[in-house]
Every structure is written in structure tokens, then in C-alpha cells.
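So the protein sequences, as listed, match chains A and B.
The working numbering puts the first residue of the first sequence at -17, with every later residue one more than the last.
The working numbering puts the first residue of the second sequence at 34, with every later residue one more than the last.
We treat Cβ as the ideally placed atom computed from N, Cα and C, and that holds for glycine.
Written out below as C-alpha cells is the structure these notes cover.
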Amino acid sequence: MIYFIKDHRLSPSAAFRLVLALTPVILGLCVFMGPSGIGLPDPWSQREILILRITRVLTGFIIGGALSCAGVVFQAVLRNPLAEPYILGVSSGAGLGASLAILTGLAAAGAFILPLSAFIMAVLTLLIVHLLSNRGGGPSLYGLILSGVIVSSICSSILMFMISAASLEGMHSVLWWMLGDLEVTSYALLMISGVIVLAGTAGVWLMSRELNALTLGHTMAHHLGIRVKAALVAALLLATLVAATAVSVAGLIGFVGLIVPHIMRNLVGADHRRLVPAATVGGGAFLAICDAIARTIMPVEIPVGVVTALIGGPFFLYLLKRRRTPGWIE
Amino acid sequence: MSDMTPAIELKQVTARYHTKPVLQDVSLAIEAGDMVGVLGPNGAGKSTLFAVLSGLLPPASGSAQLFGTDLHRIPPRERARLIAVVPQDLDIPVPYTVEEVVMMGRTASLGRFSSPTAADHQSVERALVYTDVADIRRSPLNELSGGERQRAIVAMALAQEPRIILMDEATSHLDINHRLEIMQLVERLNRDNGVTVLMISHDLQIAAEFSRRLIVLDHGRLVADGPPAEVLTEDTLRRVYHCDVQVHQDPHSGGLSILAAPRLPAPNMGKGIHIHVVGGGGCGEPFLRRLVLCGYTVTCGVLNRGDLDAEVAEALGIEAVLEQPFSAIGPEAIRKSHEMALTARAVVLSPVPFGTGNLANLELLEAARNAGRPVFMAQGIEERDYTPGRSAVARVRALASCGAEYYRDSTDLLARLPSVGQA
């Protein structure tokens, strides 16, 4: 079959293959960048530095992929372009949980404690948001988003309170963690979060069918044969798990969950069977690049969250401006 | 499964949102392969009927069956293969292409761990061709015109390969050309594939033309059911839609043509004519509004300050005699309203309930009648008389016996009132 090609944009399937192919290349290039200079560290004499850089890139990839994948889910389920892990209070809830674990010293008991407490608090936040927005039949979209924003700021306030009341030492470690950096403190934590994120994103990918249908609206999804309530709960739990894990490792890093799904939707189309893997690896690559820049560009390392916002913000605005096609935002 | 099993069978279905009943005691059987139009005014329960049939809203009582199986026992994916819904419009916030959306019609048959099969692709292909959207398959849905988008949504329903299609005002956003196109498409599906079609439509003409059977809902109840020529009578339509229509049957083709409200009052039929309305409690609202729209000079009273009708009168710029809130009508107010009523060409009594407090308003009618003015009174005073000894009933009957007329509703009233043409 021959299709008439209107413009010379990459076809979605070609773009999808390109994203998958480019990601390892980008990750490889990121290993070349670091505070000790640009170039590959000598595997023998600078073995330590090389290992440090590789784990750092790997961490960025895992965290970025998790945030971006969670963003895809929230945007599909809430049918809202501004949805991301922050919007439903999931990130702040996870942040609160992780801080509690750090301040009480529980986090030292085992590598899994940090992601676990982050996940529990994130789910609790999600539950509260859901209950607040539930009026009669089911939660309204606007209700969800509104109560999410409010619960999120309440969580942040509690976090601030805890920090100001904490000892100097506790305050230091929480603040350091909150700023968002990809410094690996424990390989066990990295391993555990890597496994959780891999499982979570794979679960999300397997729900592509449901995510596609839910984007058409909950009523239409019902007509298409989806168990809407079950699908919503499963998708939100998976996204929360993945996002909470990312937050527990790297603190609050914004923008990845918002812009990467948008960019990928432009490139590979909105079908979740392609969008979920593309956004996951794309988000991972994006965060790895941002972190490489954060480590290299200044004599002192700058927080990676600053770079994601500084690169992501203008790029996002450019996309909005350039796009003639009506999509999420018209 | 025998051929006698109806595609859809409802037995005494009552359904409600929260506590408000929207379908009451509806029993209905629809044969497989039928093409049925669902009519009724806004809020009659048509969409609720579809919500019950598609399993969105479980009935509060009664049973709903598809092909002999209770709806709530059919698993969602199974149900999606039986019944598809074409909505009025689909707001899709992401740039899905036509092909992607049509593939979503296959959601129920797609495997979680596998790509779409050859059968899925074939079904999508057929739906694309059938609805004539194959050449725009790569276009994002939200860039298409309304007609193209609706065709793509119909294609998604077709890709489900359902045995029943519910069209929920599926063509009401479209122009007449695309409306007919979609209807012909659905008619072909019904004829060639034996798909059972139910369609909600506000376009009586299209419903009459494409349906073999029409059912009419009003206030959540089934009020008419039968072939279009039997259901679409002027009487039924007036009763349900509260407006006058003319139905003509073409003697050659047998087709029906429906002209909505040909006898609607002219906008200036009441120009310069003064009518006094006795209202209260909000029941005078439709009368006041329609009289003002027809150009009558309207006065109103006696009303209590803060009464709904008093607010309506103020909003419409109607002069009204007002009494203190929650108090009986006093002599001063009666005197003023007498003046108004006696200068009016006619006096109208709206369906206002009577108690001792506003009984004095009846004096206006009596005075006007004695002065030889035409007086028009709403039917059914018997249900609105709360005075001890039911004196309002007696006085209204006395008025009727000396020449005051009863009217049925605001349309009936407008036909009876003096108008510019008559004068």
C-alpha cells in the first residue's frame, strides 16, 4: 500500500526505531562527560571514576524513565496535558515518606525502606486526593486535579515543618536529598529501584490497551470493553510505585514527567503501545544528558533539577509555539 | 439460541442517578435486526436508557437482557462485542490518528501480550473503507472536520463488529448532507449485516425516514411505541413535546413529513394589547415569558414581594402590584390591581395554588368578568385549592359558568387570547 505523504516528517514507526536506537548512543556519550573533564576515563588508571560515571548515567536513566513513564500514565488517565507525578500529590507524598524514613533513621535499616515508605505515603496521598474529589458516582477530573494540587502543597508544608524542626544533621541530609541529585549512595538501593522501575514500566506497557481506551474518556473505555475502575486503579498504582521509587532515590526532579511524554507523543504518536517504551527510554536518556551537563558545565556541580527545568522549559515553549497541529494544547 | 430471542429485552426497568429516578418501569423488547428510533424531549430518559443498555448504569430494579443473557452477567469484553455506542461527539485530547482510533474498536479482542492479529487488521480495514475514511487514515482525528471525525467514530464502532449499535444523537452536530450520509451507512449495516440499530434523534424527520419502529419516552416512561406512521401523530407529539407540529403523509411514497410548530404565535401578535396575569409561586413564569415574547403589554399582580413570579416580572420589565412577603393581600394592593385588571383587554389566571392569603386575587377576575372583559383560567383548580371549604373551586366554577374560559397550557392560551389580527 502506498500512502500519500503530506509532510516530510518522520513516520511514527521510524521515529520509534530511531528513539530506541539513539538511546544507548546517548547513554554512551554521557559516560564521556564528568567533572574531571570530557573524555573517556582510562579503564585502568581511572577505574574508580569510570565506574562512578557509569552508575551515575545508569541512575539517571532509571529515574528519568520512571518519571517520564509515570507522566504518560497520569496524562492518559486524567486526560490532561498538565498531569505529571506532581499534580496528584504523588511526588510530594513520596517525598514526605522518604523524609520521614531519613529523619527517623529507619532508612538505615535496609535499602528497601526508603522506596517502601515513599510508596506507602504516595499511595496514601493518592487515596486522600481520590476521597476528597469523589462526589457521588465517581471522581471528577477537575476535582482530582484541584484536590491533588492542594494536598500536594499540604505535604510540602509538612515537609518544610519537619525540616525546620529537625536536628542540624537530619536537616542537612533531607535537604541534600530533596534538592534532587543522582549521587548514588547505595548500590543496593539502586538495584532495588532498578528492578521496581523495570517491573513497573513493563506493567504500564502491558496496560497500553487500557491506557489507549481511557484516553478516549472513561465512558468510551467502558463501551470498548475495559473494566474502567480496575484499570484506573492498576494504572495509577503502577505509576505511583514507579514515581515514588524515583523520588526516594533522587529527590524531587521536575519537568521530566511533563515534557518527555509530550515530545515523544509528537515523534512516535499517541498510541501507548509505542508511546510507553519510547517515553520511558527517552525520559531516561533526557535525564542522563541533563545530569551530564549539570556535572560538566560549571566548576561546581549544579542540581540536576535546575538543568531539567532550564533545558526543558524553553524547549517545551518552543514546541508549543512551533506546532500548528492541534494536539493537547490549542 | 433461537431466532425468537430478542436482541434487547427490558423488563420493568427503573434506573436512577443518585436518588432521582430517570427511567420508570420501562418494559421493551427489540428484535434482532430491527432499526428503532428513540424519541422524546430533553430529560425524557433517552440517554439513561442507553446507559442501561450499554451496562454503564445498572438498573435499580427490573432486568435488562441482551440476546437472552442478563446484562450484568456479560463480561465487559464480551459485552463490547455485542453492543457498540456511537456518541454525539468524542473529545479526544491526544492526536490519535484515524487508524489508531479505529483500532481501538478492537480493544476487546486485542491480547495483552500480542500485537493485533490479521483478523484485527482486516476488521479495521473494512471499517475504514466502509465509512470512507481510508484515505485519511494517517490524519490526526482532531484535525478533521466534524463529518470526517464522526465517520471515524462510526468506523471505531464498526471495528467492534457488534450485533447492536446505539447511536446517541450521533448525527446531531452534522450538517444535513453528512447526517444523511451517516444514516445511510447505518441503514446499510442494518440491511446487509443484520446489525440491530437504536438511535436517539431530535430530528423527527430523519427518525421517521430511517426507523422501522419508533419508541417515545417522556418523563422516564415509555409513552408510545410502534411504526413511525402510528407514533408520529400530531396528538402524540403535542403531548410529548408541548408544541404544535403538523404531520403529513405523502400519498405516493408513504413517507412522513413533519413540520415543527407551524402555528407558533407570531412575535408581534400581541402588540399594544394589555393582558393582566394573576400568578404567584413561580407558576406564572412560562405565561409571563411567552406573553412578553409575543409582544403583549403585560401587568401582573397581586404578588408577594420576593415571590418567584415577582422576580420574573421584574426581570422581564413587567409592571406588577406587590404585597409584603408572606402576608395576606391588603386593600391598597387590591385597589391598585383592580385598576390594572380593568384597563386590560383580558385577564389570565395562571395555575396558581390558592390559600386564604391570596384568595382576594379572585376578586380581580370577578370584577373583570363583570366588566365584560374576557377571562382565561388554567384548568385543574381542584388540585390547587388549599382554602378551607374549598371556596376557590366554587368561585372559579362560578366564573366559568358566566363566560370565563379554561385553557390547557400556554400554547392553548395564546391561541385563545385576543391578537392583533383579530382586532
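The Cβ neighbour count for A/N248, taken over all protein chains shown within 10 Å, is at least 16; the residue is labelled buried.
Interface with chain A (8 Å Cβ-Cβ cutoff): B/Y129 is included.
Selection B/D165, B/P173 and B/Y163 evaluated against B/T130 yields B/P173 as nearest (Cα-Cα). Distance from B/C316 to B/P384 at the Cβ level is roughly 5 Å; contact confirmed, criterion being Cβ atoms closer than 8 Å.
Contact check between the region 252 to 266 of chain B and the region 64 to 78 of chain B: three or more CB pairs, one atom from each, fall below 8 Å, which counts as touching. For A/E283 against A/P17, the beta-carbon gap comes to about 6 Å, under 8 Å, which counts as contact. In the structure shown, the three-state DSSP call for A/A93 is coil. Taken atom to atom, the span from the alpha-carbon of B/R196 to that of B/V162 is near 19 Å. Considering only A/V111, A/M142 and A/L78, the residue with the shortest C-alpha distance to A/V133 is A/V111.
Using beta-carbon distances, A/N194 counts as an interface residue toward chain B, with a partner under 8 Å. Judged by DSSP in its simplified three-state form, B/D201 adopts strand. Beta bridge pairing from DSSP links B/S96 with B/K44. Inclusion of A/L206 and A/A195 in the CB contact set at 8 Å is warranted, their separation being smaller than that value. Close CB contacts of B/V453 within its chain, under the 6 Å cut and outside five residues either way in sequence, are with M302 and K304 (chain order). For the pair A/A52 and A/G294, the CB atoms are not nearer than the 8 Å cut-off. In the assembly as shown, A/S190 is a buried residue. Its beta-carbon has 16 or more other beta-carbons within 10 Å. Note that the C-beta distance between B/I125 and A/L198 is below 8 Å. At a Cβ-Cβ threshold of 8 Å, B/L336 and B/A353 count as neighbours.
Counting every other CB atom within 10 Å of its CB across the protein chains shown gives B/Q57 a total of 16 or more, marking it as buried. When C-alpha distances from B/P39 are compared across B/P91, B/L99, B/N175 and B/R272, the shortest belongs to B/L99.
Per DSSP, reduced to three states, the secondary structure at B/M410 is strand. Closest by C-alpha distance to B/L90, out of B/P120, B/T47 and B/G70, is B/T47. Residue burial annotation: A/E66 is buried, with at least 16 other C-beta atoms found within 10 angstroms of its C-beta. Look at the beta carbons and you see the region 18 to 27 of chain A not touching the region 146 to 164 of chain A: under three pairs across the two are nearer than 8 Å.
With 16 or more other Cβ atoms from the protein chains shown falling within 10 Å of its own Cβ, B/N391 counts as buried. Our two residues, A/R277 and A/M15, have alpha carbons roughly 8 Å apart in a direct line.
Residue contact with chain B for A/L2: absent (no Cβ-Cβ distance below 8 Å to any residue of chain B). Contacts with chain A at 8 Å (Cβ-Cβ) do not include B/M68. Look at B/A437 here: in three-state DSSP terms it is coil, with no helix or strand label.
Against chain B, the CB of A/T201 has a partner CB under 8 Å away; the residue lies at that interface. Annotation: Cβ neighbours of A/G207 in chain B (cutoff 9 Å, chain order): P108, P109, R110, E111, R112, A113, R114, T140, A141, S142 and Q193.
In the displayed model, A/T107 falls within a helix according to three-state DSSP. Closer than 8 Å to the CB of B/L270 there is not a single CB belonging to chain A. Residue pairing by DSSP places B/G259 opposite B/L247 in a beta bridge. Its Cα nearest to that of B/P128, the residue A/H244 stands out among A/C272, A/S175, A/H244 and A/M144. In summary, B/N394 is buried, with 16 or more beta-carbon neighbours lying within 10 Å of its beta-carbon over all protein chains present.
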